[in-house]
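Please read the structure below before turning to the comments.
There are 2 protein chains.
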Amino acid sequence: SVNPDLASERQTASFCVEKLTALLDGGAEQTRIRRAVVEAIQSDPVFSTENQYFQTQNERYEAAVRKAVHLQKKMHEMGWTENGPEYKYIYRALSGDVAFLLHRVFMRSISVLGSDKQIAKWIPLATQLRLIGSYAQTELGHGTYLQGLETTAVFDIATQEFILNTPKISAMKWWPGDMGRSATHTVVFAQLYIHGKCYGIHPFIVQIRSLEDHSLCPGITAGDIGPKMNFEAIDNGYLMLKNVRVPRENMLSKFCEVRPDGTYVRQGSQKINYFTMTTVRISLISDEVLTPLMKACTIAIRYSVVRRQSKLKPGEQEAKILDYQTQQEKLLPQLAAAYAFHFINNYLQELFDRGYREIQRKNFDMLPELHALSSGFKAVITHHSTAAVEICLRACGGHGYSLLSGLPSLYTKILASCIYEGENTILLLQTARFLIKCFMAASAGQPVPPSVTYLAAVKPGKCPAKNKSDFLSPHIYTEAYQHVALRLISSTAAKLQDLIQSGAKKYDAWNQCTVQLVQAAKAHCHYITVKNFAETVEKLETKAGIQRIMKHLCDLFALHGIFSNAGAFLHDGYVSAAQMDMVTASYLDLLAVIRKDAVPLVDAFDFTDKSLNSALGSYDGQVYQRLYEWAQKSPTNKMSPAYERYLKPLLHNTLSKL
Amino acid sequence: SVNPDLASERQTASFCVEKLTALLDGGAEQTRIRRAVVEAIQSDPVFSTENQYFQTQNERYEAAVRKAVHLQKKMHEMGWTENGPEYKYIYRALSGDVAFLLHRVFMRSISVLGSDKQIAKWIPLATQLRLIGSYAQTELGHGTYLQGLETTAVFDIATQEFILNTPKISAMKWWPGDMGRSATHTVVFAQLYIHGKCYGIHPFIVQIRSLEDHSLCPGITAGDIGPKMNFEAIDNGYLMLKNVRVPRENMLSKFCEVRPDGTYVRQGSQKINYFTMTTVRISLISDEVLTPLMKACTIAIRYSVVRRQSKLKPGEQEAKILDYQTQQEKLLPQLAAAYAFHFINNYLQELFDRGYREIQRKNFDMLPELHALSSGFKAVITHHSTAAVEICLRACGGHGYSLLSGLPSLYTKILASCIYEGENTILLLQTARFLIKCFMAASAGQPVPPSVTYLAAVKPGKCPAKNKSDFLSPHIYTEAYQHVALRLISSTAAKLQDLIQSGAKKYDAWNQCTVQLVQAAKAHCHYITVKNFAETVEKLETKAGIQRIMKHLCDLFALHGIFSNAGAFLHDGYVSAAQMDMVTASYLDLLAVIRKDAVPLVDAFDFTDKSLNSALGSYDGQVYQRLYEWAQKSPTNKMSPAYERYLKPLLHNTLSKL
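Residue numbers (the working numbering), protein chains in the order written: chain D, 1340 to 1997; chain X, 1340 to 1997.
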């Protein structure tokens, strides 16, 4: 039975939920396939995540390995293949806790960096899980700056081998997933030395554990790096190498080869490599960022119509907390952001597919733009979504803090996305570098990539809005965003030039501008997101109320951004104080409008109760019942030795006193 | 041996660290006492927290009980008493993980709400830990709105007992600490019924577990609520009551009594009750908020001078990450906030001591102001500090995400402070209500409490700063903060009145203004914090460089706030765009200045390595060594059954292929 406070929310939906779900999936047929995968996975008890919040790190690891092995069988059974339409839904259906994710990266790195011979040797073994791979790049002392890696690989002509070493503790490989306990092989990135000369970082396949008994190979020290904020299921590991020898054939050699005589040969283009990093950043957005954000919105919004607290109107029953303006102001902008990021993700995916086709035709022109966009959007979306999940958690009060709400683990997981695959600040500065370059080019009348053509069009002007409803015109707010992005980029470019002209070294000048460069890069991505959302809404069909509600969300996303970053819009008077008051008024009005459709809007994300794994977010809204029943199963409800050991001696002689 | 990258930071301190520590402690004698307590506690192996990050919730609970029992002995041994000067340092020295914190609340509630007879009966037993108390107020369905609690206590004249019941699931007590597994007694808040008439919420002492064998008493259902984001050591519990009878004497009756014939008598003032909540909010700031914030700053800043990544200058060695402007901009404002909040906490403590003295003289005039300040500052300080700890965590990149950095547990702990003892949004709205009331009074020429006299002085004006150094004048920025607070309060008051005048109901109008009311309350607290910091600096002795460096931090705190909330200052043109550029320039300059003293400024917090319990934050900065040695001890480095069960069958027949 559905909680009536939740049921009533669904009766008044202004649009067709099923149609919106199909839009999000990219068509009704995709929805059908996704649901079939989810059903097949979630009905299989091996994949259950029900006990997840009660398990130790060791138990989580065991379960993840069990699931990974079972998944192979399941895929065979269901006829799912890596190239089939079902494949992309498997990971989402599993909700994490599956091992051998780095095994995929191991395979991808061989496919991309290996010679045909290497691919022919290793990929079949890896595909059948007859070895377990990992990917050992990051070191204890080295993350973002790859040139700084310290692991060495010295070529020994006499034996035709590379000798790998970890020269000091900061050179120890640290963090690689699947390496702490599972992996038998890994791709180690090391500085290549031939005849005492360093040729920079290269990848080497190294066996680290015996295939016979899983013991560490000679010269290998490896283990698990211990507890983390999340990812308990993953055995992130450390690795130290002491005179470990691998044959010459183990250096991945599509682009670079060491000949038997020690001659170093570089061949082919390394640009594709650059493109791989870019693709990884885009591909993580969907599963690792949007899914947790959408889950958090679903949980918090469903809970907020079931939870009643205090009275809004004297004499009435306590109000649903979503009826309070402050609660709407916490949650609804996060919901709008989830949709905004879903659509910008589609835009990025299309752009990347196009880029990939061009690259296959040996046209690398799109690379700088793709790199800049992937860096900036990875940073902006992960940052914004992490903050959003935290807001959802806090908006659920005490119950949000219980692991059983599902929100703490969503938060601790999404937080990592701000750090891995490029730390966000570093990435934003890469986007900024591209923007400054394009701005200079545009100023000099040179052509620039499509996404930044606006940099050529400096128009001072003022926002033409005359009343609060003008701020519901996409061209009004999109232009305001464009104006701010352009102002921040141009003023930072000017500061940079001023500093250099007054004698500062280029790198010093750059460092002195980095805080502002980061702001400029964020403003650019924010602008593109708003513009893309508005353009997407424009193209939607008007049937079933979809376009109308998406337009509201687009407006909300845009106005929330202006309201929250008022300084950027007010700074040069583009938006006046009176106009900012109109923005605020329009923004607050929108909250009340969208509040009415809040539950249907999260229902459209179409998560099953098993996917959410949350006492607060279930489809039926039986929150209190679920919390109580679930809590009783906690291992903390087993008898504790603390009573016999410590409490009994204290309490026993009190009896007579009472 | 101290890492030379860290040692060099200490050699150039511009001030005397020991003098600053004494200032923070409130005198050198206090520093001495604190250090003695820390030494005594941390040298005792029973209090070790070394394995904390490896332990399960059950293990954490066991350890917490063991420590709580041992602490009794320790205090006796050391001659420490609850009224002695050492007492306040014990909790900080323990760094959490000690049981029976709610037992203290149980005792306090009896002392405050109980009759002399009740105090004489229960307090000695509780003091000697001959029973274990808890405090059962919050219910599954009820938190902030106390009037909504559903537990009932019906007076039975025939037996002279109260009959307690949990009428439905949402009425179940939920969250009380020490109740899930330890408590034998608790104070239950329930709706009192006499002859079918409800008299509202009252407190009752209820025994829930046998003193003989710790089994649940008849009619009691209780247990642990399961896993949470932190507080693993605490057995937060649930409690259901079914016809549980307690004698008439068990209703705490300092203020209200039920006579044997069922007559209800209210006596004395309940205002003191109100004051108790207020005191709790203030008292948590120091231990639960400032300490984690200061620890996080210490860890992140020490790590940032040891971690080297990328090159700032071509050809040089990789740079300390604290030399990057973006890293400074992340961490140094948090450091400044830690000092700002330390000083505002002193201000609040003094105010409360004064308030307490007045109350003892039956003068309750200060109560509304104290309530408003305690609510607002609890919300602002916990919110800001939680964000700050998250920034510190993320600023340490991947290693910050390891539990061994100490940062994840600081974050998950401080996050709770935004929720407990009054959810922050609710608290800010209480402050806002006070501010609106005072603004109306001031506008009508009536007197207002000291902290809000500025509300009477509406002056339009403009910021008089002419160049960037003018923004290093405390009166310039303090006035700007005052202006913004006043503008937000007065404009929201005007909106409220407009809505009411155009026919909105008062409660509807209030709800439609709550987003802006929250902003106004925050602006008020921000203003008072800046003003207090500036006034504190003014009074410091100029010797030993203390005043100079504190002045820099005060400037940074103030300018960071303007830089980050530019819209509020630009809105009505009080600060012009040109002046905002001066603020930015001054702010960025200050980062470079304070960066030089960053390590000495965190050294002054004087945390021991055991207090920090962090691989990144140790005094000697041997980060990588510590991470490696510690990780090896993780239980995840024990043999896993996953190999035999799942991996061996996969791997065994691969041998022949390689």
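Cβ coordinates follow ideal geometry from the N, Cα and C atoms, glycine included.
Residue i, buried or exposed, once every other Cβ within 10 Å from all chains shown has been counted against 16
i, result
"residue 1956 (chain X)", "buried"
"residue 1350 (chain D)", "exposed"
"residue 1368 (chain D)", "exposed"
"residue 1656 (chain X)", "exposed"
"residue 1789 (chain D)", "exposed"
"residue 1608 (chain D)", "exposed"
"residue 1616 (chain X)", "exposed"
"residue 1758 (chain X)", "buried"
"residue 1684 (chain X)", "buried"
"residue 1950 (chain D)", "buried"
"residue 1403 (chain D)", "buried"
"residue 1341 (chain X)", "exposed"
"residue 1477 (chain D)", "buried"
"residue 1783 (chain X)", "exposed"
"residue 1713 (chain D)", "buried"
Closer than 8 Å to chain X by CB, residue i
i, result
"residue 1553 (chain D)", "yes"
"residue 1563 (chain D)", "yes"
"residue 1405 (chain D)", "yes"
"residue 1419 (chain D)", "no"
"residue 1600 (chain D)", "no"
"residue 1840 (chain D)", "no"
"residue 1473 (chain D)", "no"
"residue 1910 (chain D)", "yes"
Spatial neighbours of residue i in its chain, beta-carbon cut-off 6 Å, leaving aside the 5 residues before and after
i, result
"residue 1835 (chain X)", "1848 and 1852"
"residue 2002 (chain D)", "Given that chain D is displayed from residue 1340 to residue 1997, the structure contains no residue 2002 (chain D) and the question cannot be resolved."
"residue 1495 (chain X)", "1502"
"residue 1480 (chain X)", "1509"
"residue 1560 (chain X)", "1579"
CB contact below 8 Å: residue i versus chain D
i, result
"residue 1521 (chain X)", "yes"
"residue 1640 (chain X)", "no"
"residue 1850 (chain X)", "yes"
"residue 1671 (chain X)", "no"
"residue 1566 (chain X)", "yes"
"residue 1537 (chain X)", "no"
"residue 1981 (chain X)", "yes"
"residue 1659 (chain X)", "no"
"residue 1824 (chain X)", "no"
8 Å CB neighbourhood of residue i in its chain, flanking five on each side removed
i, result
"residue 1680 (chain D)", "1624, 1628, 1629, 1632, 1720, 1723, 1724 and 1868"
"residue 1652 (chain D)", "1658"
"residue 1483 (chain D)", "1761, 1762 and 1765"
"residue 1876 (chain X)", "1813, 1886, 1889, 1890 and 1893"
"residue 1670 (chain D)", "1636, 1639, 1640, 1643, 1661, 1730, 1731, 1734 and 1937"
Close Cβ partners of residue i (< 7 Å) along its chain, the five nearest in sequence each way excluded
i, result
"residue 1929 (chain D)", "1891, 1894, 1895 and 1898"
"residue 1839 (chain X)", "1845 and 1848"
"residue 1381 (chain D)", "1432, 1947 and 1949"
Nearest-angstrom Cβ-Cβ length linking residue i and residue j, presumed shorter than 8 Å
i, j, result
"residue 1547 (chain X)", "residue 1529 (chain X)", "That belief does not hold up - the Cβ atoms of residue 1547 (chain X) and residue 1529 (chain X) are roughly 14 Å apart, past 8 Å."
"residue 1372 (chain X)", "residue 1428 (chain X)", "7 Å"
"residue 1795 (chain D)", "residue 1860 (chain D)", "The pair is not a contact, with the Cβ atoms about 18 Å apart (cut-off 8 Å)."
"residue 1916 (chain X)", "residue 1911 (chain D)", "6 Å"
"residue 1750 (chain D)", "residue 1755 (chain X)", "At roughly 13 Å, the Cβ-Cβ gap does not stay under 8 Å, so residue 1750 (chain D) and residue 1755 (chain X) are not in contact."
Proximity test, residue i beta-carbon vs the ligand FAD heavy atom, cut-off 7 Å
i, result
"residue 1554 (chain X)", "Ligands are entirely absent from the displayed structure, and the ligand FAD is therefore not among its contents."
Which runs of the beta strand (DSSP E) fall wholly inside the region 1566 to 1626 of chain X and span at least 3 residues, in chain order?
1576 to 1580, 1583 to 1586, 1595 to 1597 and 1603 to 1605
Taking only runs that begin and end inside the region 1709 to 1753 of chain X, name each unbroken alpha helix (DSSP H) of 4 or more residues, in chain order.
1736 to 1740
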